[in-house]
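Here's the structure, in structure tokens; my notes come after.
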Amino acid sequence: MNMDVAEKILFTEDDIKTMCKKLGRQLTADYQDKNPIFVCTLKGGFMFFADLVKEVKCNLSVEYIKASSYIGAETSGNVDIKEIVEFPVQGKDIVLVEDIVDTGLTAQKLISYFLKKGANSVEMVAMLDKKERRRVSIVPKYIGFSIPDYFVIGYGLDYNEKYRNLPFIGIMNLKYIEN
Ligand code: IMP
16 MNMDVAEKIL
26 FTEDDIKTMC
36 KKLGRQLTAD
46 YQDKNPIFVC
56 TLKGGFMFFA
66 DLVKEVKCNL
76 SVEYIKASSY
86 IGAETSGNVD
96 IKEIVEFPVQ
106 GKDIVLVEDI
116 VDTGLTAQKL
126 ISYFLKKGAN
136 SVEMVAMLDK
146 KERRRVSIVP
156 KYIGFSIPDY
166 FVIGYGLDYN
176 EKYRNLPFIG
186 IMNLKYIEN
């Protein structure tokens, strides 16, 4: 991997872990005695999800869904949702964990998906929030960091399936955009 693939590091692993502790305290207070289901949105959410759930000090279960909407660095607007292993949702309190909320289309589809299945509540945790790019009025209740309109990679976030393993979040160097 080219070492300059991220032109600037925005958040280090330490920054992210500190942020997870803060969100974890809020979630612990809000979900005590509710036995929530924490739903990891794949693929991008996996690294943040693992850090976050360690900081939530109440009983919870974990599930995984796959939401795909992106091709390259532009959103396609179509969101496809798949449960990795089907799980009952009726009457449950769902906490959706997303890598990044960009246009908000994925978040909107996911929230209505779980409400239609009879969830008691659906809230969203976003590691990153790119408010400027929003096309629908979705405001995640729990936000790690807000960022301007940068295309970012690392800590689960990819460009054409690459760079998810970088242990930080960085702005992608545009010279590596493939045509
Ligand atoms: P949305 O539906 O436009 O909000 O897009 C959400 C999904 O697009 C995220 O879950 C990411 O997988 C992807 N995405 C949005 N912005 C970025 C980015 O800057 N880097 C990598 N993936 C991104």
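The opening position of the sequence shown corresponds to residue 16 in the working numbering, with each subsequent residue numbered one higher.
Think of the CB as a built atom: it goes at the ideal place given N, C-alpha and C, for glycine as much as any other residue.
From a predicted model like this one, the values you see are computed outputs, not experimental measurements.
Point to revise | Helix, strand or coil at isoleucine 126 according to DSSP, with G and I counted as helix | key: Position 111 of the sequence shown, counted from the first residue, corresponds to residue 126. Note: isoleucine 126 maps to helix in three-state DSSP.
**Study point:** Reference lysine 132; option with closest CA among Thr33, Asp108 and Arg149
**Key:** In the sequence shown, counting from the first residue as 1, residue 132 sits at position 117. Among Thr33, Asp108 and Arg149, the Cα nearest to that of lysine 132 belongs to Asp108.
Practice item. For alanine 44, count neighbouring Cβ atoms within 10 angstroms of its own Cβ and tell me buried if that reaches 16, exposed if not. Key: As a working mapping, residue 44 is identified with position 29 in the sequence shown. Within 10 angstroms of the beta-carbon of alanine 44 lie fewer than 16 other beta-carbons, which makes it exposed.
**Study point:** Alpha-carbon spacing of alanine 141 relative to isoleucine 31, whole angstroms
**Key:** Position 126 of the sequence shown, counting from 1, holds the residue named residue 141. Position 16 of the sequence shown, counting from 1, holds the residue named residue 31. Rounded to whole angstroms, alanine 141 to isoleucine 31 spans 12 Å at the Cα level.
Exercise for review: Please confirm whether any heavy atom of the ligand IMP lies closer than 7 Å to the CB of leucine 120.
Suggested key: Translated into positions along the sequence shown, residue 120 becomes position 105. Yes, the Cβ of leucine 120 comes within 7 Å of a heavy atom of the ligand IMP.
Check your understanding: Does the distance from the CB of isoleucine 115 to the CB of lysine 145 come in under 8 Å?
Key -> Mapped onto the sequence shown, residue 115 falls at position 100. Mapped onto the sequence shown, residue 145 falls at position 130. In this structure, lysine 145 lies closer than 8 Å to isoleucine 115 by Cβ.
**Study point:** Any beta strand (DSSP E) of 3 or more consecutive residues that is wholly inside the stretch 144–185
**Key:** 157–161
Exercise for review: Could you tell me how far apart the beta carbons of tyrosine 170 and methionine 16 are, in whole angstroms, since I believe they sit closer than 8 Å?
Suggested key: Reading the sequence shown from its first residue, position 155 is the one you call residue 170. Reading the sequence shown from its first residue, position 1 is the one you call residue 16. Actually they do not touch by this definition, with Cβ atoms about 15 Å apart.
Check your understanding: How many Å lie between threonine 56 and glutamate 78 at the Cα?
Key -> The count along the sequence shown starts at 1 and reaches residue 56 at position 41. The count along the sequence shown starts at 1 and reaches residue 78 at position 63. The alpha-carbon atoms of threonine 56 and glutamate 78 are separated by roughly 9 Å.
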